[in-house]
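Counting in our numbering, the sequence shown runs from 1211 upward without gaps.
Positions of the beta carbon are idealized from the N, C-alpha and C atoms, including for glycine.
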Amino acid sequence: MGNLLGAPVTEKETHRGATPGGLAWGVSTMQGWRIHMEDAHICQPFLYAEERISGDGGEADCADADTNMSDDGGEDAENNSKSKYRKISVPGHSLYAVYDGHGGSFAAEYSGGNFCRVLARQSKFVQYAKMVEEENERKKKEDEGTKGGDDEKVLSHSETRKSSVEKSKKEADALEVKRQREMLNVLEEALRDAFIETDREIIREMRRLPNEDANTPYGEDFDEHHSHGEIVKGGDDEGGEAKTPAKNDGKPRLSNEDEDSGTTAVVVVLTPRYIVCANAGDSRAVYCKSNGRAVPLSYDHKPDDEEEERRIRDAGGYVSAGRVEGDLAVSRGLGDFRFKDPEAVLAGLDAGDREGAKDNDDASGSSNPGNSDFNRSGMARNHAMVRPEDQMVSPVPDVIVQTRNPSEDDFIIVACDGIWDVQTNLECVRTVAEIFAEGEGDVGLLCEEVLDVCLRRGSKDNMTALVVRME
């Protein structure tokens, strides 16, 4: 946890904005009693996928009204040509995340500055974006067909016709439920893949391996009609995805002390129908309904939880005093490579594709512990490849989905444990609700008040509070 200052740093960084659909969001951060600020966050009010274009970009016919073409500015390692991407809008979607770093700020900063880009380029997210396109086009045609069929409905009143219509509606409803479930499954897979890929990019940065896409801005050159309000990234106040502690040009800087860096990650994606939360660690998201009920969107990953401890032991580690090997207080997260098989992390999603990877105990296939600065925990690596979900500290998130209800939706809180150490889910929901009830309309200032409340209650950690008002 690190040493404490003689007095807290109470200066706040506060931002606010709105999604194209009109949802107001705000976020505020405070260093507090900690010597360094190690939190980062994302407030991305619109989303798009990026489909890579192979060769010399012959698929120009892919572009349409909701599609942009762009270069990422980097060189491809194989053919020295710039990678090109087709941008596919995902209307009505926004993303909010909090990263609580430890052992240095690098893992949190890198995640905050790169997760949206990583997610956008996952094949599953591209698939999801296309499914959204198809769904919107289908609904548009259905609406046009309904308008054209009004006369027919007026002319037909027979019981047979009524029964047929009811049957057709039930079948259509069942098909709609199936389609929505399929889309949700793809989105959940995309989020899990993005967590794993972000973990891989972090270790590549720590090993100073080539990564042409690192710190590529997200959202800067996208069509203006997809966004309004304040968009925050790096150390700037406009044109990007995240606000992280500023260092020179806003890009995270890696120091020797950061090689043990890790971070929690809680990511909330709002769709027109659902609230989707992916979480690894003990940062937390809570959904408040209009009756004041606090609905958890995430659950903390602690090493002494039964399933978490079983995985840690299976990976060759142990739990002592509620910590992984007596050291780390969370059992899932990004970074913390001293508790992971680094070669498996570098393999990324491919590690999960290896048949029998979990059960292969052939010592001849093990990674070389003496070949990496990240193998210092003494974990037994006598297998060919460890799947991400089987790492001692896993980057794979749990995903929770809640259905949105316009008549009940109130707000969502996303925050680090500097908030949750001194407030329960319900207490924090009541704090936010009371501030709103007092007439505070600026969600950014509301977040500042939440930080002040937690500081008075004795929080000794960095604090980040992010609120999205949904009513």
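| Query | Result |
| --- | --- |
| Complete alpha helix (DSSP H) runs within the segment 1283-1339 (minimum length 4 residues, chain order) | 1316-1330 |
| Sequence-distant residues of its chain with Cβ nearer than 8 Å to glutamate 1221 (five each side left out) | Met1240, Gln1241 |
| Outcome for isoleucine 1245 when other beta-carbon atoms lying within 10 angstroms are tallied against a minimum of 16 | exposed |
| Beta strand (DSSP E) segment containing phenylalanine 1621, residue limits | 1619-1625 |
| Any 3 or more C-beta pairs closer than 8 Å across the segment 1399-1407 and the segment 1333-1349 | yes |
| Close Cβ partners of valine 1218 (< 6 Å) along its chain, the five nearest in sequence each way excluded | Reading off the sequence, residue 1218 comes out as proline, not valine. For proline 1218, where only same-chain residues beyond five positions count, the Cβ hits under 6 Å are Gly1242, Trp1243. |
| Alpha helix (DSSP H) segment containing alanine 1647, residue limits | 1635-1647 |
| Assigned exposure category for lysine 1379 - 16 Cβ within 10 Å defines buried | exposed |
| Reduced DSSP category for glycine 1588 - H, G, I as helix; E, B as strand; rest coil | Here glycine 1588 scores only 42 on pLDDT, less than 50, and its place in the model is too uncertain to base an answer on. |
| Residues near valine 1364 in its chain [Cβ-Cβ closer than 7 Å; skip 5 each side] | Low per-residue confidence applies at valine 1364: pLDDT is 49, beneath 50, and the placement is therefore not dependable enough to give any value. |
| Within 9 Å, strictly: CB atoms of serine 1304 and leucine 1480 | yes |
| C-alpha gap between glutamate 1223 and serine 1238, whole angstroms | 5 Å |
| Collapsed DSSP secondary structure at alanine 1217 in the structure displayed | strand |
| Inter-residue Cα distance where the pair is glutamate 1535 and tyrosine 1428 | 37 Å |
| Among Ala1554, Cys1487, Arg1262, nearest to aspartate 1600 - alpha-carbon criterion | Ala1554 |
| Beta-ladder partner(s) of methionine 1341, from DSSP | Looking at the DSSP assignment, methionine 1341 forms no beta bridge with any residue, so it has no partner. |
| Glutamate 1516 - DSSP class collapsed to helix/strand/coil | helix |
| According to DSSP, residues forming a beta bridge with proline 1506 | Val1496 |
| For threonine 1229: DSSP bridge partner residues | Threonine 1229 pairs with nothing; no bridge assigned. |
| Alpha carbon of leucine 1686 to alpha carbon of valine 1486, nearest angstrom | The displayed coordinates of the chain run from 1211 to 1681. Any statement about residue 1686 would go beyond what the structure contains. |
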